[in-house]
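For what it's worth, my numbering labels the leading residue of the sequence shown as 2, then goes sequentially. Below: one structure, written as structure tokens.
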Amino acid sequence: MFTEKLQKALNDQITHELYSSYLYLSMAAHFEAANLPGFAHWMHAQADEEREHGMKFFEFIYDRGGRVKLQAIEQPPTEFGSPLQVFEQVLGHEQKVTSLINDLYALAQQEKDYPTQVMLHWFIDEQVEEEKNAAAIIELLKLAGESGPALLMADRQLGSRAGD
Ligand code: MG
2 MFTEKLQKAL
12 NDQITHELYS
22 SYLYLSMAAH
32 FEAANLPGFA
42 HWMHAQADEE
52 REHGMKFFEF
62 IYDRGGRVKL
72 QAIEQPPTEF
82 GSPLQVFEQV
92 LGHEQKVTSL
102 INDLYALAQQ
112 EKDYPTQVML
122 HWFIDEQVEE
132 EKNAAAIIEL
142 LKLAGESGPA
152 LLMADRQLGS
162 RAGD
């Protein structure tokens with residue numbers, strides 16, 4: 002069993018992960034409206050992955066004999082701008098999530114909770130991937146420009162992302 006403080010922070014992280022899922026689902030809706038089905042597909046896959054992240058925390062809390070308390074999920078924005086602007090927002094959001102995971106790790110160290118530290122190693126690696134992927138798509142979109150055939154090719158490329 003972990004301390005109340007750590008249990009609260011882990012519960013908060015479920016909310017952050019579910020908000021990420023909600024944010025990416027809103028970005029999927031944005032791309033559906035913009036007739037960019039490949040980008041929309043990528044965002045749907047990303048939203049599913051974030052829900053799974055939330056569930057990893059959910060299950061971990063139960064594995065440790067804790068109690069999950071779900072909280073309200075904030076409304077995400079509905080307008081995001083051009084594809085490049087969207088992915089700049091994705092990168093900014095993932096950088097925020099990275100700092101939340103780092104704070105959680107620091108708390109687990111402070112509370113001397115070793116199982117939580119081990120569990121968080123997976124998330125620390127995952128955040129490196131998330132930031133790397135968003136940065137790579139930003140570079141692709143800078144090359145592709147705001148419209149035209151290169152953007153449609155980028156849309157097709159993102160549409161080939163496997164479902165997670
Ligand atoms: Mg996540």
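Note that CB positions come from ideal geometry on N, CA and C, so glycine has one too.
| Query | Result |
| --- | --- |
| Three-way DSSP call (helix, strand, coil) for V69 in this model | coil |
| At least 3 beta-carbon pairs within less than 8 Å: the stretch 114-127 vs the stretch 145-164 | no |
| Beta-carbon gap between Q14 and I102 smaller than 9 Å | yes |
| Uninterrupted alpha helix (DSSP H) stretches inside the stretch 26-72 (no shorter than 4 residues) | 38-64 |
| Of the residues T99, P84, V91 and Y115, the one placed nearest G149, counting alpha carbons only | P84 |
| Residues of its chain near T99, where Cβ-Cβ distance is below 6 Å and the 5 sequence neighbours each way are ignored | Q128 |
| Sufficient close CB pairs (3 or more, under 8 Å) joining the stretch 129-138 to the stretch 26-36 | no |
| Proximity test, V87 beta-carbon vs the ligand MG heavy atom, cut-off 8 Å | no |
| Within the stretch 68-114, ranges of the alpha helix (DSSP H) (whole runs, at least 4 residues) | 84-111 |
| Proximity test, V98 beta-carbon vs the ligand MG heavy atom, cut-off 8 Å | yes |
| Q86 to H94 span [Cα, whole Å] | 12 Å |
| Secondary structure of R157, DSSP reduced to three states | helix |
| Rounded separation between K143 and R65 - CA only | 45 Å |
| Euclidean distance between Cα positions of L19 and F81 | 19 Å |
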